[in-house]
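Read in order, the letters of the sequence shown correspond to residues 18 to 137 in the numbering used here. Glycine included, each C-beta is placed from N, C-alpha and C at the ideal position. Computed from a predicted model, the values in this text were never measured in an experiment. Okay, so here's the structure we're looking at.
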Amino acid sequence: MSLVNLPCRPTETPNKFVKKYFSDLAKGNDLIPVIALRYFNPIGAHSSGKLENSAECSTKSCSIYHSISCRNSRANYCFLGNDYPTKDGTCVRDYIHVEDLAEAHVSALKYLKKSKNQRL
Numbered sequence: 018m019s020l021v022n023l024p025c026r027p028t029e030t031p032n033k034f035v036k037k038y039f040s041d042l043a044k045g046n047d048l049i050p051v052i053a054l055r056y057f058n059p060i061g062a063h064s065s066g067k068l069e070n071s072a073e074c075s076t077k078s079c080s081i082y083h084s085i086s087c088r089n090s091r092a093n094y095c096f097l098g099n100d101y102p103t104k105d106g107t108c109v110r111d112y113i114h115v116e117d118l119a120e121a122h123v124s125a126l127k128y129l130k131k132s133k134n135q136r137l
């Protein structure tokens with residue numbers, strides 16, 4: 018691999034490998050349906066309150082900091098960077114709530130079940 022083709026992010030090569038592997042698997046076998054879901058920054062807790070984030074699980078997790086801040090309006094946390102083209106210079110983050118993410122997974126499974134003879 019030449020230096021020009023090196024991945025920018027450490028996860029880029031494994032992601033491409035996994036995507037190609039499952040794509041090839043689906044092409045070679047009509048009995049194995051495949052769908053890929055890609056998302057970043059899942060955040061939040063279950064609305065029942067029975068499942069919630071715990072600061073003990075990961076002190077580096079952005080979702081932990083957000084959850085703590087939501088519970089305590091005096092809590093502060095910092096994202097690295099101050100030279101982005103935003104009003105305050107910090108980076109823009111998009112989040113997906115864990116319940117929406119779970120719903121997306123269920124919808125994907127239902128879609129695969131309903132359309133098992135279709136190519137994706």
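Neighbourhood of residue i by C-beta distance below 7 Å, restricted to the same chain and skipping five residues each side
i, result
"Ile49", "Leu42 and Ala43"
"Lys131", "none"
Continuous alpha helix (DSSP H) stretch holding residue i: start and end
i, result
"Leu118", "Val115 to Lys131"
"Pro31", "Glu29 to Gly45"
Cβ-based burial, residue i [other Cβ within 10 Å; buried from 16]
i, result
"Gly45", "exposed"
"Gly106", "exposed"
"Cys74", "Model confidence at Cys74 stands at a pLDDT of 48, short of 50, so the residue's coordinates are unreliable; what they give is reported in the following sentence. Flag for Cys74 reads exposed."
"Thr76", "At Thr76, the pLDDT of 43 sits below 50, so the modelled position is not reliable and the matter cannot be decided from this model."
Residues near residue i by beta carbon distance below 8 Å, same chain, minus five either side
i, result
"Val115", "Pro59, Ile60, Gly61, Ala62 and His63"
"Val109", "Tyr101 and Thr103"
"Phe8", "Any question about residue 8 goes unanswered here, given that the chain covers just 18 to 137."
"Ala125", "Ile52 and Leu54"
Strand pairing of residue i, partner residues [DSSP]
i, result
"Pro59", "Ile113"
Inter-residue CB distance, residue i and residue j (contact presumed, cutoff 8 Å)
i, j, result
"Arg121", "Leu68", "A quick correction: the sequence has Ala, not Arg, at residue 121. About 17 Å; that fails the 8 Å criterion."
"Ile52", "Tyr128", "7 Å"
Close beta carbons around residue i, own chain, < 6 Å, minus the five adjacent residues each side
i, result
"Val123", "none"
"Asn99", "Gly106"
"Val35", "none"
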